[in-house]
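In the UniProt record's numbering, the protein residues as written are 1 to 314.
What follows is the structure, encoded as structure tokens:
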């Protein structure tokens, strides 16, 4: 059992019961904002540092005039409650407390500092999206079991459920909030491809900075666009009838990939490789590699089919 001490009063704020397996007691009452969120100033900063001997302190250095700070603050307040007292959130207005900010080495805001046992453990700069802040926090604290899905998780669930328009709306909102977090623009392009809006997706990717445009995630989405450009329409595929020649097999596989039926398409391409490696200058193998690029190196299908391709080649 460990008490979280209120640095303003020196009294216990909350009590976290820990079972033998290290998990927090699920029956404890919910943490209130006043339990874990505090405004910092010269009068209580020393008490906060002393409190960090008992519970880590997440110090958010911010300025009221900063839009980035205004964007990040509600995210941190939300997370402080979700993590249920695993840390205190201290909010330091650097404009009102310039001397403290100078002593802490704050050069730009927002600047988040994780303090434990009176010392700096880690820091995070910039108005990062909620998911990135969660990933950072999870290096040091167990993730809340009942945390609501992040916007990114909601978007991916919508895509998996066959609702690319719903996923697109979520990513459009994230792009609006975080215009310099280019991963959201790549994800937005992916949803546009799923909707069949390939030219919009291509334009979005073309306007990324060169280092982002040429990175694997964007290359993968561009490969998906190319599949859609190259594949025959569903009507043209139907017109192939019962043909089983290499061209017909390849076109069916390409259509499957363009439609997101990756496993079926990969199977068909691998079969074509076995039957007719020379078809169209080794087109089946080259397309397999393009699909791997589109899915990403860590995707389970990429991992599985790379092994199959390797076994076939060697």
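In this text, a Cβ means the ideal position worked out from N, Cα and C, and glycines have one as well.
Keep in mind that this is a model prediction, so the values were computed, not measured.
Neighbourhood of residue i by C-beta, 7 Å cutoff - its chain only, sequence neighbours within 5 removed
i	result
residue 23	Because residue 23 sits at a pLDDT of 46, beneath the cut-off of 50, its placement in the model cannot be relied upon, and the following sentence gives the value as read from the coordinates. Excluding residues within five positions, none has a Cβ falling inside 7 Å.
residue 230	254
residue 315	The shown model of the chain, from 1 to 314, leaves out residue 315, and the question about it has no answer.
residue 41	97
residue 257	227, 265 and 291
residue 200	192
residue 273	284, 285 and 312
residue 21	The pLDDT assigned to residue 21 is 42, lower than 50, so where the model puts this residue is not dependable; a value taken from the coordinates is nonetheless given after this. For residue 21, where only same-chain residues beyond five positions count, there are no Cβ hits under 7 Å.
Proximal residues to residue i (C-beta, below 8 Å), its chain only, five neighbours per side dropped
i	result
residue 209	182
residue 150	130, 131 and 134
residue 184	129, 171, 174, 175 and 178
residue 123	111, 112, 113 and 114
residue 196	228
residue 306	292
residue 213	205 and 206
residue 277	284 and 285
Bridge partners - residue i, DSSP secondary structure assignment
i	result
residue 126	Per DSSP, none; premise fails for residue 126.
residue 88	57
residue 274	According to DSSP, residue 274 bridges with nothing at all.
residue 116	119
Under the three-state DSSP convention, the category residue i falls into
i	result
residue 206	helix
residue 59	strand
residue 93	strand
residue 293	helix
residue 39	strand
residue 121	strand
residue 111	strand
residue 287	helix
residue 157	helix
residue 305	helix
residue 169	helix
residue 162	coil
residue 102	helix
residue 318	Since the first residue shown for the chain is 1 and the last is 314, residue 318 is missing from the structure and cannot be characterised.
residue 67	helix
residue 267	helix
residue 151	helix
residue 141	coil
residue 21	Because residue 21 sits at a pLDDT of 42, beneath the cut-off of 50, its placement in the model cannot be relied upon, and the following sentence gives the value as read from the coordinates. Of the three classes helix, strand and coil, the one that applies to residue 21 here is coil, per DSSP.
residue 31	coil
Proximal residues to residue i (C-beta, below 6 Å), its chain only, five neighbours per side dropped
i	result
residue 69	62, 63, 109 and 110
residue 251	232
residue 293	219, 220 and 223
residue 262	301
residue 38	90
residue 216	none
residue 87	56 and 58
residue 248	240
residue 71	127
residue 60	76, 91 and 112
Any non-hydrogen atom of the ligand MN closer than 7 Å to residue i Cβ
i	result
residue 165	Questions concerning the ligand MN fall outside what the structure shown contains, since it holds no ligand whatsoever.
Would you check if there are 3 or more beta carbon pairs closer than 8 Å linking the region 89 to 97 to the region 162 to 181? By the criterion of at least three beta-carbon pairs nearer than 8 Å, the region 89 to 97 is not in contact with the region 162 to 181.
Which runs of the alpha helix (DSSP H), 4 residues or longer, sit entirely within the region 173 to 261? 182 to 194, 198 to 206, 210 to 213, 216 to 230, 234 to 239 and 246 to 258
Decide yes or no for the touch test of the region 283 to 291 against the region 197 to 209: beta carbon pairs closer than 8 Å, at least 3 of them. no
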